[in-house]
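Residue numbers (the working numbering): 3 to 497. For every residue, glycine included, the Cβ atom is placed at its ideal position computed from N, Cα and C. Only one structure is covered here, and it is reproduced in the block below.
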Amino acid sequence: MTDITKEFPGVRALDGAQLSVEAGECHALVGENGAGKSTLMKVLSGAYHPDAGVIILGGSVQQVTSPIVARKLGITMIHQELNLLPEMTVAENIFLGHEIVRGPLRWLDKRAMENKSEELLASFGQKLSGRTLVKKISLAQQQMVEIAKAISVQSKVIIMDEPSAILTDRELAELFDLIGRLKKQGVAIVYISHRLEEIFSICDRVTVMRDGKTVHTDQTSNVTQDQIIRLMVGREIEQFFPSQHSNPGGEILRLESVTQRGKLHNINLSLRKGEIAGLTGLVGAGRTELARVIFGAEQADSGQMFLDGRPVSFRSPRQAIDAGIGLLTEDRKNQGLVLSMMVRENTSMASLVRLVKHGFVDIRAEKEATRGYIRDLQIKTPSTEQKVRNLSGGTQQKVVLAKWLFTKSRVLIFDEPTRGIDVGAKAEIYQLMWKLVAQGIAILMISSELIEVLKMCDRILVMHEGEITGELKQAEATQEKIIAMAMGLEQPASC
Ligand SMILES: Nc1ncnc2c1ncn2[C@@H]1O[C@H](COP(=O)(O)OP(=O)(O)OP(=O)(O)O)[C@@H](O)[C@H]1O
Ligand SMILES: [Mg+2]
Numbered sequence: 003m004t005d006i007t008k009e010f011p012g013v014r015a016l017d018g019a020q021l022s023v024e025a026g027e028c029h030a031l032v033g034e035n036g037a038g039k040s041t042l043m044k045v046l047s048g049a050y051h052p053d054a055g056v057i058i059l060g061g062s063v064q065q066v067t068s069p070i071v072a073r074k075l076g077i078t079m080i081h082q083e084l085n086l087l088p089e090m091t092v093a094e095n096i097f098l099g100h101e102i103v104r105g106p107l108r109w110l111d112k113r114a115m116e117n118k119s120e121e122l123l124a125s126f127g128q129k130l131s132g133r134t135l136v137k138k139i140s141l142a143q144q145q146m147v148e149i150a151k152a153i154s155v156q157s158k159v160i161i162m163d164e165p166s167a168i169l170t171d172r173e174l175a176e177l178f179d180l181i182g183r184l185k186k187q188g189v190a191i192v193y194i195s196h197r198l199e200e201i202f203s204i205c206d207r208v209t210v211m212r213d214g215k216t217v218h219t220d221q222t223s224n225v226t227q228d229q230i231i232r233l234m235v236g237r238e239i240e241q242f243f244p245s246q247h248s249n250p251g252g253e254i255l256r257l258e259s260v261t262q263r264g265k266l267h268n269i270n271l272s273l274r275k276g277e278i279a280g281l282t283g284l285v286g287a288g289r290t291e292l293a294r295v296i297f298g299a300e301q302a303d304s305g306q307m308f309l310d311g312r313p314v315s316f317r318s319p320r321q322a323i324d325a326g327i328g329l330l331t332e333d334r335k336n337q338g339l340v341l342s343m344m345v346r347e348n349t350s351m352a353s354l355v356r357l358v359k360h361g362f363v364d365i366r367a368e369k370e371a372t373r374g375y376i377r378d379l380q381i382k383t384p385s386t387e388q389k390v391r392n393l394s395g396g397t398q399q400k401v402v403l404a405k406w407l408f409t410k411s412r413v414l415i416f417d418e419p420t421r422g423i424d425v426g427a428k429a430e431i432y433q434l435m436w437k438l439v440a441q442g443i444a445i446l447m448i449s450s451e452l453i454e455v456l457k458m459c460d461r462i463l464v465m466h467e468g469e470i471t472g473e474l475k476q477a478e479a480t481q482e483k484i485i486a487m488a489m490g491l492e493q494p495a496s497c
């Protein structure tokens with residue numbers, strides 16, 4: 003790709019970007035939120051038409067005018083915001099557009115597609131029936147289905163836009179294995195990630211983007227992580243994890259024997275004012291389900307929850323929000339944001355009560371508050387009036403954060419808060435979390451990134467198959483201990 007330029011109203015997303023990828027290579031594309039990574043790849047995969055620039059594939063100039071053309075050329079993109087059809091099965095999604103047919107009447111061969119899907123998924127360690135509806139599977143599994151879809155069409159170039167953001171270490175290992183095999187088959191892979199360690203373990207070369215330009219390309223063996231960070235953000239990040247100590251106060255939230263059939267067993271937990279408690283475990287361990295029960299999005303079958311010592315039961319998220327509980331969901335596209343609405347409307351959505359004056363929303367106050375968050379969280383948007391759909395993935399995550407900060411909740415549950423967030427902004431979010439706990443807010447942080455959990459949490463709760471299997475204090479916690487508990491290898495400690 004040479005001299006690719008792409009403008010949107012008020013934003014120059016790409017400014018003469020260059021990228022060259024070889025067959026059999028895994029090429030990393032890195033850069034801050036909003037640097038232009040996804041846009042450049044959407045140009046390559048035919049979703050966007052560049053204003054200028056040339057794409058050369060296998061030696062000849064190509065006009066990639068649509069995703070269909072891209073597919074014919076052998077270019078497949080796995081989007082950052084997954085693109086599956088929730089009401090269709092895993093097999094239907096994988097074979098959408100290249101269905102297997104049978105006989106002269108070209109009947110859809112469902113059985114064959116299901117078998118083939120399961121085979122494709124099994125080839126990288128995924129046990130998943132082809133007949134399951136996509137809406138019933140986790141985000142991580144959806145990611146795996148997207149990958150199976152990409153390999154089912156025999157692509158020459160596969161673009162993975164932050165595939166690892168929602169995967170746990172085990173799934174990640176399987177993905178890396180698969181990438182190794184694809185490379186041997188001569189497939190070119192463009193790999194976008196904010197987790198730089200990954201890039202050094204699987205990518206041959208790396209291209210760094212900054213403000214729509216590609217500023218550097220090199221062999222990964224020639225550069226260090228610090229050099230890449232400097233190229234990305236143009237400054238050094240000294241204190242990545244702020245070394246602060248919290249000073250927890252009294253208990254604010256308590257769960258006693260909370261059980262939800264088939265999902266949560268006998269959950270006991272207590273959260274204190276001014277602390278960050280971590281909740282970790284493998285995908286499917288029940289962390290998100292637990293968050294949803296606390297937030298009133300789902301109901302427990304038995305057990306009791308207490309807020310400030312008083313028994314509460316929330317029939318809906320509205321009731322939980324009114325009581326001072328916020329949930330930043332892992333699935334921002336479906337649950338965290340209304341993509342067709344503006345940054346301003348998304349920010350105020352859960353706090354409108356506070357903005358209503360004489361029956362109308364006070365738009366001036368709404369704008370002012372939103373501007374404050376745009377400044378504090380460094381949300382990269384041309385204005386408060388930009389539609390959230392047009393923001394980069396990580397920037398959208400910051401808008402979800404702004405929404406919950408604006409509610410002034412006393413208990414905040416953060417489900418994978420730094421997913422898709424660039425290194426610089428991550429450090430800012432960590433700082434912000436410390437500021438919140440200093441004000442007495444209690445944070446329950448769900449995260450699969452063990453380093454983040456180890457550094458940020460006063461206490462770490464580990465879940466395995468719907469149960470809390472252990473609790474570790476920050477001082478005694480190690481990656482090994484957490485992993486052992488997450489896999490159910492250790493006896494429950496005192497919770
Ligand atoms: N359809 C669009 N309309 C308007 N602006 C857009 C559109 N798509 C992208 N942009 C803007 O282009 C810039 C680059 O966005 P892009 O999504 O490529 O960033 P990114 O590098 O992928 O970031 P992230 O790491 O957060 O995913 C951002 O400022 C974004 O808001
Ligand atoms: Mg992106």
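Does the distance from the C-beta atom of M3 to that of V56 stay below 9 angstroms?
yes
If we count Cβ pairs, one from each stretch, closer than 8 angstroms, do we get three or more for the region 80 to 91 versus the region 144 to 162?
yes
Cβ pair count under 8 angstroms reaching 3, the region 365 to 382 against the region 332 to 341
no
Determine, using beta carbons only, whether R232 and D220 come nearer to each other than 9 angstroms.
no
Rounded to whole angstroms, how far is the Cβ of T216 from the Cβ of L21, which I believe are closer than 8 angstroms?
6 angstroms
Would you say L393 touches ligand 1, meaning its beta carbon is less than 8 angstroms from a heavy atom?
yes
Pick out whichever of R317, I161, L177 and D111 has its Cα sitting closest to the Cα of Q143.
L177
Expressed to the nearest angstrom, what Euclidean distance is found between the alpha-carbon atoms of A287 and A352?
28 angstroms
Once you ignore the five residues that flank D460 on each side, which residues in its own chain have a CB closer than 8 angstroms to its CB?
S248, P250, E277, I278, A279, K475 and Q476
Going by alpha carbons, who is nearest to I296 out of Q441, L284 and G328?
G328
Please list, in chain order, all residues of the same chain as Q399 whose beta carbon is under 7 angstroms from its beta carbon, the five residues on each side excluded.
R334, R421, G422 and I423
Considering Cα atoms alone, identify which of Q262, L110 and K158 is closest to E291.
Q262
If we define contact as Cβ-Cβ less than 9 angstroms, is M458 a contact residue for chain B?
In the structure shown, chain B cannot be found, because there is only a single protein chain.
For Y193, write down the residues that DSSP places opposite it in a beta bridge.
A30 and M162
For the candidate residues L341, R274 and I381, whose alpha-carbon lies nearest to that of V439?
R274
Compare the C-alpha of G311 against each of G105, A325 and R183 and name the closest.
A325
Buried versus exposed, by CB contacts within 10 Å (16 or more), R133:
exposed
Give, in chain order, every unbroken run of the beta strand (DSSP E) that is at least 3 residues long and sits entirely within the region 257 to 291.
266 to 274 and 278 to 283
How long is the line joining the alpha carbons of P494 and T471, rounded to whole angstroms?
The predicted position of P494 is uncertain, since its pLDDT is 48 and thus under 50; a value taken from the coordinates is nonetheless stated next. Roughly 5 angstroms between the two C-alpha positions.
Neighbourhood of A479 by C-beta, 7 angstroms cutoff - its chain only, sequence neighbours within 5 removed
L456 and I462
What number of angstroms, rounded off, separates the C-alpha of D171 from the C-alpha of L284?
8 angstroms
Would you say the beta carbon of P106 is closer than 8 angstroms to some non-hydrogen atom of ligand 1?
no
Nearest by alpha-carbon distance to E121: which of I139, V103, V92 and W109 is it?
V92
Tell me whether G25 sits in a helix, a strand or coil according to DSSP, three-state version.
The displayed chain sequence assigns Ala, not Gly, to residue 25. Of the three classes helix, strand and coil, the one that applies to A25 here is coil, per DSSP.
Cut-off 8 angstroms between Cβ atoms - residues of its own chain near S496, not counting five sequence neighbours on either side:
Residue placement at S496 is flagged as unreliable, the pLDDT there being 45, under the threshold of 50; a coordinate-derived value is accordingly withheld.
Ligand 2 and Q82: does the residue's C-beta get closer than 8 angstroms to at least one heavy atom of that ligand?
yes
Can we count E121 as close to ligand 2, meaning its CB is less than 8 angstroms from some heavy atom?
no
Nearest-angstrom Cα separation, counted from I381 out to V13
14 angstroms
By the 10 Å Cβ neighbour count, where 16 or more other Cβ atoms means buried, how is E199 classified, buried or exposed?
exposed
Under 9 angstroms, do A25 and K158 count as touching if we go by C-beta distance?
yes
Please state the DSSP three-state secondary structure of R294.
helix
Could you check which residue in W436, M465 and Q481 has the C-alpha nearest to that of L452?
Q481
Can the beta-carbon of L46 be found less than 9 angstroms from the beta-carbon of I230?
no
Coarse secondary structure for A429, derived from DSSP in three states:
helix
Let me check you understand the geometry: is the CB of I445 closer than 8 angstroms to at least one non-hydrogen atom of ligand 2?
no
Is it the case that the CB of Q388 approaches a heavy atom of ligand 1 more closely than 8 angstroms?
yes
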